[in-house]
Amino acid sequence: MHKLSQLQLFIAQFLTLLLGLVHAAPPTSCSQTPFPEVCIHFLDTAVNLEEITKLSFRDLVLKVTMDQAVRAHHLVSTMDFGSFDERAKLAWTDCQELYEDSVHQLNRSMSSNDPVDTQTWLSAAIANHQTCQNGFIDFNMSFYNLPSMLGNFSKLVRNSLAINKAAAAPTGLRSIKSDGRARRLLSDGFPEWVSSADRKLLQTGEAAAGADLVVAQDGSGNFKTITDALDAATKMRSGSKRFIIHVKKGVYNENIKVKKTMRNIMFVGDGISATVVTGSKNQQDGSTTFSSATFGKVH
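According to full-length UniProt numbering, the stretch in the sequence shown is residues 1 to 299, in order.
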């Protein structure tokens with residue numbers, strides 16, 4: 001009977017140890033991250049983690065991070081702002097836009113085989129999270145009732161950065177094209193992804209002459225404000241051709257917002273100190289730093 005009890009105890013201890021090994025994330029992977037406990041927590045349901053390659057592990061971490069990005073964006077987008085003061089509403093509105101862009105950046109990361117591009121897009125997601133926080137700092141507020149999910153998302157992205165870098169280590173963290181060649185600059189100093197047509201526009205100075213729209217404060221152009229011209233451009237342009245807006249000499253007191261969907265838009269002025277764009281939004285007037293850009297890209 002005593003021997004039977006010892007055998008049962010041994011079996012119980014063995015099974016406990018075995019289950020622990022099955023559900024533990026591989027230390028050679030999660031240990032590479034700045035937040036290993038978060039890595040283990042979100043991956044503890046994955047199967048055969050110890051048997052997959054580093055690159056497969058990287059893809060798994062990106063997927064988990066992407067899932068959390070979608071949840072974070074949904075959380076921020078469905079928050080009830082009714083009880084918030086105006087400054088908090090402004091900051092959270094920025095956060096909605098920023099987390100939407102983080103989802104976009106992580107989507108790009110998951111579909112890319114270029115470690116440098118992935119590192120750039122993951123860094124953008126981190127910057128978005130920090131910019132969201134900065135909106136509250138601008139108004140001397142604490143990060144307004146920060147849900148724990150947003151903190152976990154930030155840690156997951158940082159982990160993804162570390163794992164992506166480690167996965168690329170055998171070949172070096174450098175940009176490799178599909179044919180194995182590293183990216184390079186052409187003899188004229190432009191990256192090779194800049195088309196010959198775009199290089200010509202930048203080199204010859206003929207862009208203004210071929211402008212699709214002209215902005216002039218004196219009424220000699222199509223529009224008097226850059227914002228109106230940009231709105232018109234989104235309706236007029238088609239295909240992937242470069243759309244050129246010539247902004248004539250003058251001081252334009254505007255805050256220009258170029259949306260993510262406004263691709264291949266080119267602005268050409270009449271030179272330094274001739275065409276000037278200046279906005280007046282600032283923190284003291286009740287704007288966050290993110291929303292006060294004179295000429296900015298919005299997501």
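Just so you know, even glycine gets a beta-carbon here, dropped at the ideal spot from N, CA and C.
Unbroken beta strand (DSSP E) run spanning residue i, endpoints
| i | result |
| --- | --- |
| Gly-250 | 250-252 |
| Ile-244 | 243-247 |
| Lys-297 | 295-298 |
| Val-215 | 213-215 |
| Lys-224 | Looking at the DSSP string, Lys-224 is not in any beta strand (DSSP E), and its letter there is neither H nor E. |
| Lys-257 | 256-259 |
7 Å Cβ cutoff, residue i in contact with chain B
| i | result |
| --- | --- |
| Ser-29 | Looking at the structure shown, chain B is missing, and only one protein chain is on hand. |
Buried/exposed call for residue i, threshold 16 Cβ in 10 Å
| i | result |
| --- | --- |
| Gly-135 | buried |
| Arg-263 | exposed |
| Lys-177 | Residue confidence for Lys-177 is low, a pLDDT of 47 falling below 50, so the modelled location carries little weight and cannot support an answer. |
| Thr-78 | exposed |
| Thr-288 | buried |
| Val-141 | The amino acid occupying residue 141 in the given sequence is Met; Val does not appear at that position. Per the 10 Å Cβ criterion, exposed. |
| Ala-25 | Bear in mind that a pLDDT of 40 at Ala-25, under 50, signals an unreliable position, so the number given afterwards is only what the model happens to contain. Result: buried. |
| Gln-284 | exposed |
| Gly-296 | exposed |
| Asn-282 | exposed |
| Phe-57 | buried |
| Asn-128 | buried |
| Glu-206 | exposed |
| Ala-229 | buried |
| Asp-179 | With a pLDDT of only 45 at Asp-179, under the threshold of 50, the placement of this residue in the model should not be trusted; the figure read from the coordinates follows. Result: exposed. |
| Ser-83 | exposed |
Endpoints, the alpha helix (DSSP H) within which residue i is located
| i | result |
| --- | --- |
| Phe-42 | 36-43 |
| Val-103 | 86-110 |
| Ser-31 | No alpha helix (DSSP H) contains Ser-31, which DSSP labels as neither H nor E. |
| Ser-240 | Counting along the chain, Ser-240 falls outside any alpha helix (DSSP H), and DSSP gives it neither H nor E. |
| Thr-204 | 196-204 |
Supposed close pair residue i, residue j - CB separation, criterion 8 Å
| i | j | result |
| --- | --- | --- |
| Ile-245 | Thr-33 | Their Cβ separation, rounded to whole angstroms, is 45 Å, which puts Ile-245 and Thr-33 out of contact at 8 Å. |
| Ser-291 | Gly-279 | Incorrect: roughly 10 Å between the Cβ atoms, too far for contact. |
| Val-76 | Leu-43 | Rounded, the Cβ-Cβ distance is 24 Å, inconsistent with contact. |
| Lys-248 | Val-214 | 7 Å |
| Asn-159 | Val-61 | 6 Å |
| Phe-139 | Ala-211 | In fact, because the Cβ distance is near 40 Å, the residues do not count as touching under 8 Å. |
| Leu-161 | Leu-122 | 5 Å |
Three CB pairs or more closer than 8 Å across the region 112-119 and the region 267-276
Contact annotation: the region 112-119 does not touch the region 267-276, with fewer than three C-beta pairs closer than 8 Å.
At what residue ranges does the region 268-292 contain a whole run of the beta strand (DSSP E), taking only runs of 3 or more?
Taking 3 residues as the minimum length, the beta strand (DSSP E) runs contained wholly in the region 268-292 are 275-277, in order along the chain.
If we require 4 or more residues per run, which alpha helix (DSSP H) segments fall completely within the region 120-167?
Listed in chain order, nothing qualifies, since the region 120-167 has no complete alpha helix (DSSP H) run of 4 or more residues.
Is the region 88-104 close to the region 62-80, with three or more CB pairs under 8 Å?
Yes, the region 88-104 is in contact with the region 62-80.
The region 148-161 contacting the region 35-46, beta-carbon criterion three pairs below 8 Å
The way I'd put it, the region 148-161 does touch the region 35-46; three or more beta-carbon pairs between them come closer than 8 Å.
For the pair the region 223-240 and the region 250-269, tell me if three or more CB-CB distances fall below 8 Å.
Judged by Cβ distances under 8 Å, the region 223-240 makes contact with the region 250-269, as three or more pairs qualify.
Determine, using beta-carbon pairs with one atom in the region 192-200 and one in the region 218-233, whether at least three such pairs fall under 8 Å.
Taking a cut-off of 8 Å for Cβ pairs, the region 192-200 and the region 218-233 do not touch, as fewer than three such pairs fall below it.
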